[in-house]
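**Student:** Its first residue numbered 1, the sequence shown is counted upward by one per residue in the UniProt record's numbering.
The beta carbon of each residue, even a glycine, is placed where N, CA and C say it ideally should be.
What you are looking at is a predicted structure, and each value in this text was computed from that prediction instead of being measured.
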Amino acid sequence: MSEQSLLQFALSELENYRDYRKFFTDGSKIGSRTGCGIWDDYKKLGIQYRLSDHTSIYIAELFAIDTAIKEIVREGKEGKYLVCTDSLSCLKYLKVAHEQAPTMARDIVQNIRMIEETGSCVSLIWIQAHVGVSGNERADQMAKDATKKETMENPPLPHIQTTIKIAEKLKEVELEEFRKRSLNMYLKITEYRYINHEMKHPEKRVADIIFRIRTGHAKTKKILKRWNVKYSSDCNVCGVEENLQHIIMECKKYETARSRLKEKVIKSDIQFRIKELLGKVAKNKQRETVKYLGQYVKDTGLIDVL
Numbered sequence: 001m002s003e004q005s006l007l008q009f010a011l012s013e014l015e016n017y018r019d020y021r022k023f024f025t026d027g028s029k030i031g032s033r034t035g036c037g038i039w040d041d042y043k044k045l046g047i048q049y050r051l052s053d054h055t056s057i058y059i060a061e062l063f064a065i066d067t068a069i070k071e072i073v074r075e076g077k078e079g080k081y082l083v084c085t086d087s088l089s090c091l092k093y094l095k096v097a098h099e100q101a102p103t104m105a106r107d108i109v110q111n112i113r114m115i116e117e118t119g120s121c122v123s124l125i126w127i128q129a130h131v132g133v134s135g136n137e138r139a140d141q142m143a144k145d146a147t148k149k150e151t152m153e154n155p156p157l158p159h160i161q162t163t164i165k166i167a168e169k170l171k172e173v174e175l176e177e178f179r180k181r182s183l184n185m186y187l188k189i190t191e192y193r194y195i196n197h198e199m200k201h202p203e204k205r206v207a208d209i210i211f212r213i214r215t216g217h218a219k220t221k222k223i224l225k226r227w228n229v230k231y232s233s234d235c236n237v238c239g240v241e242e243n244l245q246h247i248i249m250e251c252k253k254y255e256t257a258r259s260r261l262k263e264k265v266i267k268s269d270i271q272f273r274i275k276e277l278l279g280k281v282a283k284n285k286q287r288e289t290v291k292y293l294g295q296y297v298k299d300t301g302l303i304d305v306l
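Structure below.
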C-alpha cells in the first residue's frame with residue numbers, strides 16, 4: 001500500500017470521529033535519550049517531556065497516552081475525546097489491562113472509566129505513523145524535540161519502569177558481587193594451583209585429572225551434588241563429605257596408596273599437605289609433585305572417577 005493510500009485510510013478513520021476533540025500522542029528514543037509528545041488538535045497546543053534515559057520507547061508511548069487522558073480529567077469538561085497513537089502494542093495492552101496491571105496502565109483504564117461515568121466519551125485508536133497525518137507529525141516532532149532538552153521535566157517515572165530500573169541495578173550489583181566472588185575464588189585457587197610446564201604430567205589422561213583437581217573441578221561427590229548429579233555428597237566409606245581434601249588426605253579406602261604417596265613426598269623433602277600436593281612448592285619440586293600425585297590417582301583408580 002502506498003503512502004498516499006495509507007494517508008487516505010488514516011484520514012477516513014479520523015473522519016469517523018469528526019466531532020471528537022483529538023489528542024495525538026507519540027514517544028521517541030534517540031540514542032540514550034527518551035521523550036514523549038502530546039498534541040491537542042483542538043487547542044493547537046502541545047505538551048512534551050524528556051523522560052529518564054532508562055525509559056523504553058514503549059513506556060514513553062504509554063506515558064504520552066496517560067498524559068493525554070489526565071489532561072482530559074484535569075479540564076473536567078463533558079464531551080467526546082479521541083486519543084490517537086501509532087503504538088498498536090500499547091492499545092492491545094490497554095485492552096486487556098486489569099486491576100493487577102502496572103500502575104500507569106491501570107490509571108489510564110480507570111481514568112477513562114471515570115470520564116465516561118460523567119457522561120463523556122473517550123476512544124483510543126491507532127493511526128499509522130509517518131504517513132502525513134498532521135496531528136501525528138506534530139506529536140512525533142514534539143517527542144523528538146523533547147529528547148534534545150538538556151534537563152528533564154522529571155514527571156514521575158512509571159512504576160513499571162521503576163521496577164525495571166531497580167531490577168537492572170540489582171543485576172549490576174549481583175554481577176559485581178559475582179565478579180568479586182569469582183576473583184576471590186580465583187586468587188584462592190591460584191595461590192597454590194598455578195600451572196606451568198613443570199607441572200604437566202607426561203600422560204595426557206593423568207594430566208587432565210590433575211588439571212581438574214588443581215582448578216577445583218574434579219568430580220568429587222561434593223561437586224556432583226552441586227551439579228544435581230548426586231543426592232548426597234558423603235563418602236560411601238567414611239560417611240563424611242567427599243571433597244578433594246578427603247579423597248587425597250583422609251579417605252580410608254585409599255590408605256595403602258596414600259601411605260606410598262606420603263613416603264615419596266616426605267622423602268623428597270616436601271611437606272605432606274594438600275597445598276603442597278596441589279602445587280605450592282618450590283619450582284624444582286613441582287615435577288616430582290606432579291609425578292607422585294599422578295601415580296596416586298592411578299593407584300587408587302581415581303583416574304576413572306575424577
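If we require 3 or more residues per run, which beta strand (DSSP E) segments fall completely within the segment 87-116?
**Tutor:** none
**Student:** Would you list the residues sitting across from residue 241 in a DSSP beta bridge?
**Tutor:** For this step, residue 241 is matched to residue 241 along the sequence shown. Beta-bridge pairing links residue 241 to 234.
**Student:** At which residues does the alpha helix (DSSP H) containing residue 211 begin and terminate?
**Tutor:** Counting from 1 along the sequence shown, the entry for residue 211 is found at position 211. Element bounds for residue 211: 204-214.
**Student:** In chain order, what residues of the same chain lie with their CB nearer than 6 Å to the CB of residue 302, ignoring the 5 residues before and after it?
**Tutor:** Here residue 302 is taken as the residue at index 302 of the sequence shown, counted from 1. Nothing listed; no residue qualifies.
**Student:** DSSP state of residue 223, grouped into three classes?
**Tutor:** Sequence index remark: in the sequence shown, residue 223 carries index 223 (1-based). Reduced to three states, the DSSP call for residue 223 is helix.
**Student:** Tell me whether residue 113 is buried or exposed, calling it buried when 16 or more other Cβ atoms sit within 10 Å of its Cβ.
**Tutor:** Residue mapping note: residue 113 aligns to position 113 of the sequence shown, counting from 1. By the neighbour-count rule (16 or more Cβ atoms within 10 Å), residue 113 is not buried but exposed.
**Student:** I'd like the span of the alpha helix (DSSP H) that includes residue 66, first residue to last.
**Tutor:** Here residue 66 is taken as the residue at index 66 of the sequence shown, counted from 1. Per DSSP, residue 66 belongs to the alpha helix (DSSP H) from 57-75.
**Student:** DSSP three-state call for residue 30: helix, strand or coil?
**Tutor:** Against the sequence shown, residue 30 aligns to sequence position 30. Note: residue 30 maps to strand in three-state DSSP.
**Student:** Assign residue 45 to one of three DSSP states: helix, strand, or coil.
**Tutor:** Counting from one through the sequence shown, the residue named residue 45 turns up at place 45. Reduced to three states, the DSSP call for residue 45 is strand.
**Student:** Can you tell me which of 233, 11, 116 and 206 puts its alpha carbon nearest to the alpha carbon of residue 77?
**Tutor:** In the sequence shown, counting from the first residue as 1, residue 77 sits at position 77. The shortest Cα separation from residue 77 among 233, 11, 116 and 206 belongs to 116.
**Student:** By alpha-carbon positions, which one of 296, 279 and 35 ends up nearest to residue 56?
**Tutor:** Sequence index remark: in the sequence shown, residue 56 carries index 56 (1-based). Looking at the Cα atoms, 35 is the closest of the given residues.
**Student:** Could you spell out the range, first to last residue, of the alpha helix (DSSP H) harbouring residue 277?
**Tutor:** Translated into positions along the sequence shown, residue 277 becomes position 277. Element bounds for residue 277: 274-277.
**Student:** Within the same chain, show all residues whose beta-carbon is closer than 6 Å to that of residue 136, passing over the 5 residues directly before and after it, in chain order.
**Tutor:** Locating residue 136 in the sequence shown gives position 136, where the first residue counts as 1. Cβ within range, chain order: 24 and 127.
**Student:** Shortest alpha-carbon distance to residue 38 belongs to which of 12, 207, 251 and 86?
**Tutor:** As a working mapping, residue 38 is identified with position 38 in the sequence shown. For residue 38, the nearest C-alpha among the options comes from 86.
**Student:** Buried or exposed: which applies to residue 88, given that a residue is buried once 16 or more other Cβ atoms fall within 10 Å of its Cβ?
**Tutor:** For this step, residue 88 is matched to residue 88 along the sequence shown. Flag for residue 88 reads exposed.
**Student:** Which partner residues does residue 123 have in the DSSP bridge list?
**Tutor:** Translated into the one-based positions of the sequence shown, residue 123 becomes position 123. Answer is 82.
**Student:** If you drop the 5 nearest sequence neighbours on each side, which residues of the same chain put their C-beta closer than 8 Å to that of residue 150?
**Tutor:** Residue mapping note: residue 150 aligns to position 150 of the sequence shown, counting from 1. Correct list: empty, nothing qualifies.
**Student:** Where does residue 194 fall in DSSP's three states?
**Tutor:** Stepping through the sequence shown from its first residue, residue 194 is reached at position 194. Residue confidence for residue 194 is low, a pLDDT of 43 falling below 50, so the modelled location carries little weight; the figure read from the coordinates is stated next. Correct three-state label for residue 194: coil.
**Student:** Closer than 6 Å by C-beta to residue 106: which residues in its own chain qualify, once you throw out the five before and the five after it? Chain order, please.
**Tutor:** Your numbering for residue 106 matches position 106 in the sequence shown. Around residue 106: no qualifying Cβ.
**Student:** In terms of DSSP beta bridges, what is residue 50 paired with?
**Tutor:** Reading the sequence shown from its first residue, position 50 is the one you call residue 50. Under the DSSP definition of a beta bridge, residue 50 partners with 35.
**Student:** Can you find the residues in the same chain that come closer than 8 Å, C-beta to C-beta, to residue 58, ignoring five residues on each side of it along the sequence?
**Tutor:** Residue mapping note: residue 58 aligns to position 58 of the sequence shown, counting from 1. So the qualifying residues of the chain are 27, 87, 89 and 90.
**Student:** Cβ atoms of residue 221 and residue 232: under 8 Å apart, would you say?
**Tutor:** The residue labelled residue 232 in the question sits at position 232 within the sequence shown. The residue labelled residue 221 in the question sits at position 221 within the sequence shown. Their beta carbons are under 8 Å apart, which means residue 232 touches residue 221 by this criterion.
**Student:** If you draw a straight line from the alpha carbon of residue 84 to that of residue 49, how long is it in whole angstroms?
**Tutor:** Position 84 of the sequence shown, counted from the first residue, corresponds to residue 84. Position 49 of the sequence shown, counted from the first residue, corresponds to residue 49. When rounded, the distance between both Cα atoms is 18 Å.
**Student:** Residue 213 to residue 172, Cα distance in whole Å?
**Tutor:** By 1-based counting over the sequence shown, the position of residue 213 is 213. By 1-based counting over the sequence shown, the position of residue 172 is 172. In a straight line, the C-alpha of residue 213 is about 32 Å away from that of residue 172.
**Student:** Is the beta carbon of residue 46 sitting closer than 8 Å to the one on residue 152?
**Tutor:** Taking the first residue of the sequence shown as position 1, residue 46 is located at position 46. Taking the first residue of the sequence shown as position 1, residue 152 is located at position 152. It is not a contact, given that the beta carbons lie outside the stated cut-off.
**Student:** How would you write the range of the alpha helix (DSSP H) that residue 134 sits in, first residue to last?
**Tutor:** Here residue 134 refers to the residue found at position 134 when the sequence shown is read from its first residue. Taken as a continuous stretch (DSSP letters only), the alpha helix (DSSP H) holding residue 134 covers 134-147.
**Student:** Less than 6 Å between C-beta atoms, sequence neighbours within five positions excluded: which residues of the same chain meet that for residue 73?
**Tutor:** Position 73 of the sequence shown, counted from the start, is the residue given in the question as residue 73. Cβ-Cβ distances below 6 Å link residue 73 to 111 in the same chain, with the five nearest sequence neighbours on each side left out; the list follows chain order.
**Student:** List the DSSP bridge partners of residue 22.
**Tutor:** Reading the sequence shown from its first residue, position 22 is the one you call residue 22. Beta-bridge pairing links residue 22 to 82.
**Student:** Work out the CA separation of residue 176 and residue 254 for me, nearest whole Å.
**Tutor:** Translated into positions along the sequence shown, residue 254 becomes position 254. Translated into positions along the sequence shown, residue 176 becomes position 176. Going by the C-alpha atoms only, they are around 41 Å apart.
**Student:** For the putative contact between residue 229 and residue 294, defined by C-beta atoms under 8 Å, what is the C-beta separation to the nearest angstrom?
**Tutor:** Position 229 of the sequence shown, counted from the first residue, corresponds to residue 229. Position 294 of the sequence shown, counted from the first residue, corresponds to residue 294. Actually they do not touch by this definition, with Cβ atoms about 25 Å apart.
**Student:** Looking at the structure shown, is residue 40 part of a helix, part of a strand, or coil, going by DSSP?
**Tutor:** As a working note, residue 40 is residue 40 in the sequence shown. In this structure, residue 40 counts as strand in the three-state DSSP scheme.
**Student:** What does a CB cutoff of less than 7 Å around residue 190 pick up in its chain, not counting 5 residues either side in sequence?
**Tutor:** Taking the sequence shown and counting its residues from 1, the one referred to as residue 190 is at position 190. Note that residue 190 scores a pLDDT of 47, beneath 50, so its modelled location is shaky and nothing firm can be said.
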